[in-house]
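Order-wise, the sequence lines are chains A and B. Numbering-wise (the working numbering), the first sequence opens with residue 1 and increments by one. Numbering-wise (the working numbering), the second sequence opens with residue 1001 and increments by one. Below is one structure, written out as structure tokens, with a few remarks after it.
Protein chains: 2
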Amino acid sequence: MEVKLNDYISSKQSRVEEEIKTYFDKLEVPQKLKESMIYSMEAGGKRLRPILLMASYEAYGDDVSKALSSAIALEMIHTYSLIHDDLPAMDDDTYRRGKLTNHKAFDEATAILAGDALLTYSFEIISNDPLLSDSEKVEVIKKLSKSSGPKGMVAGQILDMDAEDRAVTLEELETIHDLKTGELLKFAITTGAFLGNATKKQLTALEEFSYYLGLIFQVQDDILDVIGDENKIGKAVGSDENNLKSTYPKLLGLDGAISRKDEYVNRAKEALAKADADISVLSALTDYFSQRDH
Amino acid sequence: MEVKLNDYISSKQSRVEEEIKTYFDKLEVPQKLKESMIYSMEAGGKRLRPILLMASYEAYGDDVSKALSSAIALEMIHTYSLIHDDLPAMDDDTYRRGKLTNHKAFDEATAILAGDALLTYSFEIISNDPLLSDSEKVEVIKKLSKSSGPKGMVAGQILDMDAEDRAVTLEELETIHDLKTGELLKFAITTGAFLGNATKKQLTALEEFSYYLGLIFQVQDDILDVIGDENKIGKAVGSDENNLKSTYPKLLGLDGAISRKDEYVNRAKEALAKADADISVLSALTDYFSQRDH
């Protein structure tokens, strides 16, 4: 691996933090709402989605500034989905990444509204980005609304809830993950490349790449729930074991899950090779996703 | 009043129902999510917001088709806000318009997700409308995200919650209503006129008009809570009396509230007169808002 990935990730994280700060500094809204939005936006996420979007942009384009509003909008959507997912009526979680969940730190009503606000604000910041042309804005909004809405992430969430307490096949499991997690990763990869002026053919290869990347992400999540370090993950391991929820290790065994993941890494890299660009960072990020310990 | 307003409203309502059906027929999403979204979209709303948008369009433009995606998107946003507002953590309502609220007909998690889905889908349908240019789409999305997000409706909701159990001044009350209700009405009026190619000067007059229209709407809401007919309103009257919530009748007395409303009707019509267009429908709608009994 020639890229110094950790340096790359740190520098992009700083850029994301800085940009988030800029967007919230200028947001004039009721104090409690603002605090609740910022609380979850700054709750220690690794910024993987915006980093993927920027890396995909840089495989084709020059100055990454053009990709920033989309990257931050994506992080807002991801964050709103976590806030709503953690609610008592959904996963009923008290902690996330070692901090109180939004509705525990504030209250349920505020958490619902902070989620709604982040979701809506994400479209506002794209539509107001002076660096994007109107046609670019429209294309990004089309992609973002589709991948995060009822045909994308929200569909995945409702299917996931339905599947929670029954056995599902590997095929069903992958459909759920593709919608719930994969769609936003696909948005990251394809939007970055689109804004960097990738061709249709390149975008098709990247879509295939992002499909496998999403699955790698999920298999590793399931694996970490079995063999991960609680202190690093920030939540209890073994939580999947205590319910009927289907996971890769349950369906394939731990070894089977690991070799399945390796297979997906290979397929992801094959797709990436077809993307006809400087893929060193995206390739290194694939390994990072596959081997992450939290 | 020369316009046969009831006929106008009925014909526009049919157009809205038809259009909603079209958007949901082609929406391929998980069955339960779709049912929950449709349940609230078809729960007997009067479609006042989309009708206002279309009426405002027709004051300037010809074929109203061009305004339809914005009108339906607006109704989706309004509907999502009602679903989330009714949740146990918010207003905890069991009925709305005489039907079970979404989380009672389905469950809380589904209601949260149906709201999220409607909100997101609203941006998707605007960004995909073949009748709009890219610059029109961007402008509509700017307006919609601003008026419904943390600077608009969501701000109003959080301020409203904070004000629920304490006395507020008339000024605070009007700020809350302007954000919570007025912003979407302003969106309706200005977006319709914008798509109909109104000038900046005309749009400024209409913004003033919509400000008063929002207040009229709210004063009448408060008045109906005192003297309305439960069967027509679809909920118990007198509910405001049983808590500390500030209302126009409480702050000004019933007669004072009525004369305040009349004053706003005059100001709304003065603003409308400056809008330099065929304002007969908008003027009739103002009276309709002011005198509605449910």
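Glycine included, every Cβ here is placed at the ideal spot set by N, Cα and C. This one's a predicted model, so the numbers in the text were calculated from it and none came from an experiment.
Check	Outcome
Does the beta-carbon of Ser147 of chain A have 16 or more other beta-carbons within 10 angstroms, so that it is buried, or is it exposed?	buried
DSSP three-state label for Arg47 of chain A, please.	coil
Can you tell me whether Tyr1095 of chain B is helix, strand or coil according to DSSP?	strand
Based on DSSP bridge pairs, tell me the residues matched to Leu100 of chain A.	A:Tyr95
What is the residue span of the alpha helix (DSSP H) that Asn1006 of chain B lies within?	1005-1025
Residues of chain B with CB under 7 Å from Lys300 of chain A, in chain order?	The structure shown does not extend to residue 300 of chain A, since chain A spans only 1 to 294, so no value can be given for it.
Tell me, please, whether the CB atom of Leu1119 of chain B is closer than 7 Å to any CB atom in chain A?	yes
Which residues, in chain order, does the stretch 1007-1029 of chain B contribute to contact with chain A at a C-beta distance below 9 Å?	Leu1027, Glu1028, Val1029
Is it the case that the Cβ atoms of Thr1247 of chain B and Asp1222 of chain B are separated by a distance below 7 Å?	yes
State the DSSP-derived secondary structure class of Asp63 of chain A, mapped to helix, strand or coil.	coil
Decide yes or no for the touch test of the stretch 1146-1161 of chain B against the stretch 182-196 of chain A: beta carbon pairs closer than 8 Å, at least 3 of them.	no
CB Ala1205 of chain B to CB Lys1269 of chain B, shorter than 7 Å?	no
For Ala1111 of chain B, is the classification buried or exposed, using 16 other Cβ atoms within 10 angstroms of its Cβ as the cut-off for buried?	buried
Rounded to whole angstroms, how far is the Cβ of Ser1127 of chain B from the Cβ of Ile126 of chain A, which I believe are closer than 8 Å?	Going by Cβ atoms, the distance from Ser1127 of chain B to Ile126 of chain A rounds to 10 Å, so no, they are not a contact pair.
By the three-class DSSP mapping on this structure, what secondary structure does Gly1228 of chain B have?	coil
Rounded to the nearest angstrom, what separates Phe1106 of chain B and Gly1214 of chain B at their Cα positions?	32 Å
Around the Cβ of Ile1020 of chain B, are there at least 16 other Cβ atoms within 10 angstroms (buried) or fewer (exposed)?	buried
Check each candidate in B:Asp1085, B:Thr1101, B:Gln1220 and name the one with the smallest Cα separation from Val1237 of chain B.	B:Gln1220
Would you say the stretch 112-126 of chain A touches the stretch 190-202 of chain A, given that touching needs at least three Cβ pairs under 8 Å?	no
Taking Lys186 of chain A as the query, report the chain B residues whose CB atoms sit under 7 Å from its CB, ordered along the chain.	Chain B residues near Lys186 of chain A: none, gap ~16 Å exceeds 7 Å.
When the Cα of Asn1243 of chain B is compared with those of B:Arg1292, B:Val1168, B:His1177, B:Asn1231, which residue comes out closest?	B:Val1168
Cα-Cα, which of A:Pro249, A:Leu224, A:Lys32, A:Asp278 is closest to Phe289 of chain A?	A:Leu224
Measure from the C-beta of Arg267 of chain A to each C-beta in chain B and report whether the shortest distance is under 7 Å.	no
From the DSSP output, in three-state form, read off His1084 of chain B for me.	helix
Expressed to the nearest angstrom, what Euclidean distance is found between the alpha-carbon atoms of His103 of chain A and Glu1058 of chain B?	44 Å
Cβ-heavy atom distance between Leu1224 of chain B and the ligand ZN below 6 Å?	Among the components of this structure there are no ligands whatsoever, and the ligand ZN is therefore not found.
Asp1129 of chain B: which of A:Leu285, A:Glu164, A:Val138, A:Pro130 sits nearest, CA to CA?	A:Val138
Cα separation between Glu108 of chain A and Lys200 of chain A?	44 Å
Classify Leu213 of chain A as helix, strand or coil using the three-state DSSP reduction.	helix
Going along the stretch 1026-1059 of chain B in order, which residues come within less than 9 Å of chain A, judged by CB to CB distance?	Leu1027, Glu1028, Val1029, Pro1030, Lys1032, Leu1033, Lys1034, Ser1036, Met1037
Alpha carbon to alpha carbon, how far is Asp1063 of chain B from Ser1040 of chain B?	28 Å
Can you tell me where the alpha helix (DSSP H) with Lys180 of chain A in it begins and where it stops?	Where Lys180 of chain A is concerned, there is no enclosing alpha helix (DSSP H), given that its DSSP letter is neither H nor E.
Pick from B:Met1076, B:Arg1097, B:Thr1101: whose alpha carbon is nearest that of Asp1086 of chain B?	B:Thr1101
Mind checking if His84 of chain A is an interface residue toward chain B, Cβ cutoff 7 Å exclusive?	yes
Using a Cβ-Cβ distance cut-off of 7 Å, determine whether Leu282 of chain A contacts chain B.	no
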